[in-house]
Structure formats: structure tokens, C-alpha cells
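Numbering (my numbering), first residue to last: 6 to 708. Yeah, the Cβ is synthetic: ideal placement off N, Cα and C, and Gly gets one too.
Structure representation (C-alpha cells):
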């Protein structure tokens, strides 16, 4: 048994004596080839408050102080610190790597006395990441110490953040092995956080609950904070922009605190349980924003103190609210409380490490990462628990709703029957009203038509009646001449009689009498023809109530409409271009009513426009389209239609005419007629220049 214990006693005695000797002499003996050694406790240092010491002055000074902690820790300071390391190589290896394992240091420079006029190697966050020999967030320096040689090295460090300088030395393989272990741990952490981000994003897009998207943002800023502290964001996200890396160390922590508080307020429903406190909680955002601004301005110490103090208050607020919410009986708050406690323990250990109250080692270095990873998982459980609560509440609500629906269905069925009777009556009234309105529009058109017919027929009738009296006189004079001829007796001497007849002709101006008779008869004939044309147009137009479809040529309807509306022209010229078109299957009366409304509107628009040197006109064109449909184009140079009016043209009762000038149903009826005939209507208009309306009608209606 003693033989078994003896090697262990000898090993630990030798190890203890080595440390004691190093403590006394501050000489770091390199005794391991396969693993790295922590050299931080054996480092001495001086403080350069004015940042003006040269390396030669540092080498000559004897004011180096002994490090009293496991890791050189100097807090937040604007001073430069010089660290001296005295190595004695007791192994066969000559090439070593010095590892400064604090990625957020701004300036790190290694000085090697005696080599090339005191050779120096400069690293730090102020330089682009790509300038480093080793692509690792830590600062790695190649050094060479022959076996049995004692050699001193100096580190010049400075940082705007908390200044800690953990240092290790070892062979390249030993250092790379330790770095690989660190990368594996960090990779596991990043993997957990990314899985949580994508998992909760998926749930957000599934359930559309805002608490999930807030949680994702919170996790993202926590991840950025932790990876920034480990130097990975500088390595992978902005390697050539050192300024972002420096600013990220006070921006991301502040944003993670803000988003964490916002997530908590939503998740724990603080507006519901603590409405007043919930509103006041957002006052914490102000000092956090101020701390970020101070960081940008370079006031780093004040910025970090303010951010840490505010974060502490926010943590206390979240801790208290989660506890009070548990008392309210809200079960998901239990998960939140536990998760937050775990995270706070990790943060507390990390801060204690920063200020030197806890040793700097792999555990204290990763406590915040471990805490945030556990917190993330627990909060995901909390969100899942809340969904289960929602499901349970929803099922209970659905059951209650189902019972209420069953009770109300009976009432609704009774009311539906009552309302159905009312609706049937209302529908019947609406149909009657619609019929009355359409009839009113027909009567309006009929009134216009009657006035036009009266005016148009009055002219030829007046012409005929005014010519009756001169016609009678001329016929009487003609009869008198004829009677003279009847008195002639061939057996008597008719010379005297013929002379009397000639004298009578001269007296009656017989030649003019014949011309006047012809003029009067022609005038009466023209009046009769005009009257006949009006009657024919009236017969063509008066098919308003024919319900059956007929094959007609719409050119005839246009001609008839123009005859009847002729009295409204008053200086407006009509230009017709009626092409050779086939008959179409339509309701002639309704098509004629369509033309009456559109042409009447065109004439009205022309009359409303103040013409200067332009003649008011309405152009009417009919033609056959390429797809064998009949197109009617009615174009005027009137006042045009404003853009805001175009959308309302075919709405019932909408009119731009003054009271008494229109019912607002004309174009509505036009649209219904075109729709009934399976046609289309298009309106182009420019205010002040005129309107163009195109109607396309098929030759046959689809059955």
C-alpha cells in the first residue's frame, strides 16, 4: 500500500516545491511538453498612467509589482500596463506559443528583449482580424526558448473594457488542443442557441404569438453578446472592421437587457397583472440608451458602470415580477423564475470573476454562457407550457361556446324565420321600388321624347297649315281661269273670249301662280315626308317594352334616336360614320334607350362647355371588330369627366347634373342593358377636352 502511495506523494511534493520556488523567484519553469501552463500568477507588472513609457524605460525600472490574484485584473482603466514574464525552459522543446486568453483586449504587444533591437509583435482588437497569424479570437505569440535558457518577455496591454490578462504558455500542439476544447464548448453553446432561435421562429410562424418573436430577438442579442465576449463575432462577422467589435461590447449587452425586459412583460402579461408597474418598467430603457451613447463617445468606464447598474435593477425587477406572477397563479411564471435565477447565477459568477472576487478559470469564464444556454432551454419550456395552458383554456372556452351555441341556435332559428319573412317582404318592396325607379327613368326619357316629337312635328304641320290659305286662293284663281275656258263655244267666234281669258291670266299673274302652286305642293310634300320620318323614327324607338329578342341593325336605332333628339342639338353638329354592320340579336327598345341616354349626355356635356373658336360636336361611329362583334363609339368635345367621378359613373342615383336635370339612373340603366346583352362599355375622358365611350355588343347572346 505504501508503495502505491509513494509516487503520488513524491509527485505532489515536487509540484508544490516547484510552485513555491516560482512564487519566491517569479521565475516560470517550463516543465510540461504535452499541456499548457498557466503563467498568470507569476507575472509582475507596472502601471503607465500617462501612457508614455518606452520599452527601454520599462526594462530599466525596478517598480514591477507582484500579481496578487490568479489572473492579472486591473478593472476599467485608460492606463497602459506592462507585464513581465521570466521563463526557464526545462524541457526538450524550444518553440512555444504564448496565449493571452482574453479576446476583448484592444492593444496587446509582445516585446522580446535582445532580438532585432527588441523585437515586438502587435495584436489587439484595434487591428483587423485578418492581420493575425493564428485565426483565433485569443492572442497567440510564437516565442523561442532554448533548453536550459532563462528568458524574459514583456507584454504591453491596454483596453477600454475590463482589463484582465490571463496568460498561458505551451507547445503549439498543447495550446491548439486547449483552444480546440474551448471552440467545442463554444460551438455547443452556439448550436443550442441557434436551435432555440429557429425552433421558436417556426412556432411563431405557426401560432403568430408575439412573445415568440420577442424571445427570438432576445436570444439573438444574448448570443451576440456572448460570442462578442469570446471574440467570435470579430472573427466571423466583421473581421476587417475593428470599430464594430469594440462597440459591440456595450451595444449588445444593453440591447439584450432591453429585449429581455420586453419579452418578460409580454410573456408574464404584466399589463394584465401589474399595469402601472409595466408602464414604469420602460423607464429602464433610458439609462441603457445613455450607456450606449457614452460608449460611442469613449466614456467607457461610466458607460459600463451605468449599464451594469441598470442591468442589475432590471434583473431585480424581472426577478420580483416573476415571483409575484407565480403568486397570481400563472404557472408558466415558474419556468421563467427558475430560468432567470439560473441566468443570474451565471451573470453573478461572471461579474465576480471580472472584479477579481472569483478565480479566472474555464468554469467562471463560461458561467454566463452556461447560464444563458440553460435559461434559453427553460424559457422554451415555459413558452411550451403557456401554449398548453392556452390549449386547455381554449378547449374549456370551446365547450362553453358550444353550449351557448346550442342554446342560441334555437333562438336564432326562431329569429331567422321571422327575419326571413321580413326579408321577403323587404325584397318584394325593393323589387317594386326598382321597377318604379326604372319606370321613372323611362318616363323621364319619354318626357324628353314627347317634347322632341312635339317640336319636330310642329314645324312641318305649321308649314302645311300656313300654306292652306294661299293654296286655296291659288286654286280659286285657277278655277276662275278654267271656268272661262269652259264658257268657250267652238261654233262661235272665240277670239274675243280668248282675249278676255288672256287678260284674266295677266291680271292673275298666271305664270307666278303656277310656280307658287308647285312651291306650295313641294312644301306640303316635304312637311309630310318629315312627319312620316318622325313617325317612322318614333315607331322604331317606341319598342321600349318589347321583351323578346330580335335581329335588328342598330344603325336604324341610332338614326331614329337622332331624329327624335334633333330639337336638343341647338348648334351641336352630329358627325355620323355608320359602317356596314350585321344585325345583332338584342332587345331593340332597350338598345334605343341606351343610345338615347348616351347621346343626350354627350349633347349635354357639349352645351356645358364654353366654346371659343371650337364647334361643339358629337361623333357617332359603328363598325365591326376583328372578332365579329359590333362596336359603337360615341365621342364628344364637351367638358369631360373628372378622375374622381369616373369610378362613380354607373352607380345608381349618382349624377353631376343640377337638381331637375337628371335622375342619376341613366348610366346605371345603360350598364344594366349592356350587361344584359353580354356586352362591354369603356369610358375614356379628359377633363376640359371631351369624352369617348366605346360599346361592344356580340351578334348573338350566349344562352
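Status (buried if at least 16 other CB within 10 Å, exposed otherwise) for residue i
i: residue 90; result: buried
i: residue 524; result: exposed
i: residue 26; result: Unreliable placement is indicated for residue 26, whose pLDDT of 35 sits below 50; the coordinate value is still reported in the next sentence. Exposed.
i: residue 207; result: exposed
i: residue 312; result: buried
i: residue 378; result: buried
i: residue 155; result: exposed
i: residue 478; result: exposed
i: residue 475; result: exposed
i: residue 248; result: exposed
i: residue 279; result: buried
i: residue 481; result: exposed
i: residue 416; result: exposed
i: residue 632; result: exposed
i: residue 158; result: buried
i: residue 212; result: exposed
i: residue 621; result: buried
Range of the contiguous beta strand (DSSP E) that encloses residue i
i: residue 52; result: 49-53
i: residue 699; result: 695-702
i: residue 691; result: 685-691
i: residue 147; result: 144-149
i: residue 102; result: 100-105
i: residue 626; result: 622-629
i: residue 638; result: 635-641
Limits of the alpha helix (DSSP H) - the one that residue i falls within
i: residue 79; result: Careful: residue 79 lies outside any alpha helix (DSSP H), inside the beta strand (DSSP E) at 78-81.
i: residue 248; result: 247-272
i: residue 167; result: Segment 167-169 is the beta strand (DSSP E) holding residue 167; no alpha helix (DSSP H) there.
i: residue 215; result: 215-234
i: residue 647; result: First-last for residue 647: undefined, no H or E at that position.
i: residue 239; result: 237-241
i: residue 577; result: That residue, residue 577, is in no alpha helix (DSSP H); it is neither H nor E in DSSP.
i: residue 322; result: 305-332
i: residue 278; result: 275-278
C-alpha gap between residue i and residue j, whole angstroms
i: residue 40; j: residue 145; result: 16 angstroms
i: residue 5; j: residue 323; result: With the chain covering 6 to 708 only, the question about residue 5 has no answer from this structure.
i: residue 239; j: residue 334; result: 45 angstroms
i: residue 115; j: residue 80; result: 21 angstroms
i: residue 634; j: residue 646; result: 27 angstroms
i: residue 33; j: residue 179; result: 17 angstroms
i: residue 325; j: residue 64; result: 54 angstroms
i: residue 17; j: residue 36; result: Confidence is the limiting factor: at residue 17 the pLDDT is only 36, short of 50, which leaves the residue's position unreliable, though a coordinate-based value still follows. If you take the alpha carbons of residue 17 and residue 36, they lie about 14 angstroms apart.
i: residue 82; j: residue 170; result: 13 angstroms
i: residue 237; j: residue 253; result: 12 angstroms
i: residue 113; j: residue 167; result: 14 angstroms
i: residue 418; j: residue 654; result: 41 angstroms
i: residue 549; j: residue 595; result: Low local confidence applies: a pLDDT of 44 at residue 549 is under 50, so the model's placement there is unreliable, and no value is given.
i: residue 30; j: residue 100; result: For residue 30, the predicted model reports a pLDDT of 42, less than 50, meaning its position is unreliable; a value from the coordinates is still stated below. Distance between the alpha carbons of residue 30 and residue 100: 23 angstroms.
i: residue 42; j: residue 234; result: 23 angstroms
i: residue 97; j: residue 385; result: 53 angstroms
i: residue 276; j: residue 269; result: 11 angstroms
i: residue 678; j: residue 700; result: 11 angstroms
i: residue 702; j: residue 466; result: 39 angstroms
i: residue 304; j: residue 188; result: 32 angstroms
i: residue 430; j: residue 422; result: 13 angstroms
Identified DSSP bridge partners for residue i
i: residue 589; result: 557
i: residue 42; result: 174
i: residue 117; result: 124
i: residue 87; result: 51 and 161
i: residue 582; result: 626
i: residue 342; result: In DSSP, residue 342 forms no bridge with anything.
i: residue 92; result: 33 and 156
i: residue 112; result: 163
i: residue 519; result: For residue 519, which the question treats as bridged, DSSP gives no partner whatsoever.
i: residue 70; result: 50
Any non-hydrogen atom of the ligand ADP closer than 6 angstroms to residue i Cβ
i: residue 379; result: Absent from the structure shown: the ligand ADP. Ligands present: none.
query: Okay, do the segment 54-61 and the segment 189-202 touch, 3+ Cβ pairs below 8 angstroms being the bar?
result: Contact between the segment 54-61 and the segment 189-202 is absent, because fewer than three Cβ pairs lie under 8 angstroms.
field: Segment contact, 8 angstroms Cβ cut-off, at least three pairs: the segment 477-490 with the segment 498-517
entry: Touching, per the Cβ criterion.
- request: Determine, using beta-carbon pairs with one atom in the segment 85-102 and one in the segment 148-164, whether at least three such pairs fall under 8 angstroms.
  value: Taking 8 angstroms as the limit for Cβ pairs, the verdict is that the segment 148-164 does touch the segment 85-102.
query: Should the segment 300-319 be regarded as contacting the segment 335-343, the criterion being three or more beta carbon pairs within less than 8 angstroms?
result: Pairwise C-beta distances place the segment 300-319 out of contact with the segment 335-343, as fewer than three of them are shorter than 8 angstroms.
- request: Report yes or no: do three or more beta-carbon pairs, one from the segment 579-598 and one from the segment 555-568, lie closer than 8 angstroms?
  value: Touching, per the Cβ criterion.
- prompt: Can you find at least 3 beta carbon pairs, one from the segment 283-298 and one from the segment 259-273, that sit closer than 8 angstroms?
  reply: Under the Cβ criterion (8 angstroms, minimum of three pairs), the segment 283-298 counts as touching the segment 259-273.
- prompt: For the 8 angstroms Cβ check, are there 3 or more pairs between the segment 207-221 and the segment 64-76?
  reply: Contact fails: fewer than three Cβ-Cβ distances are below 8 angstroms.
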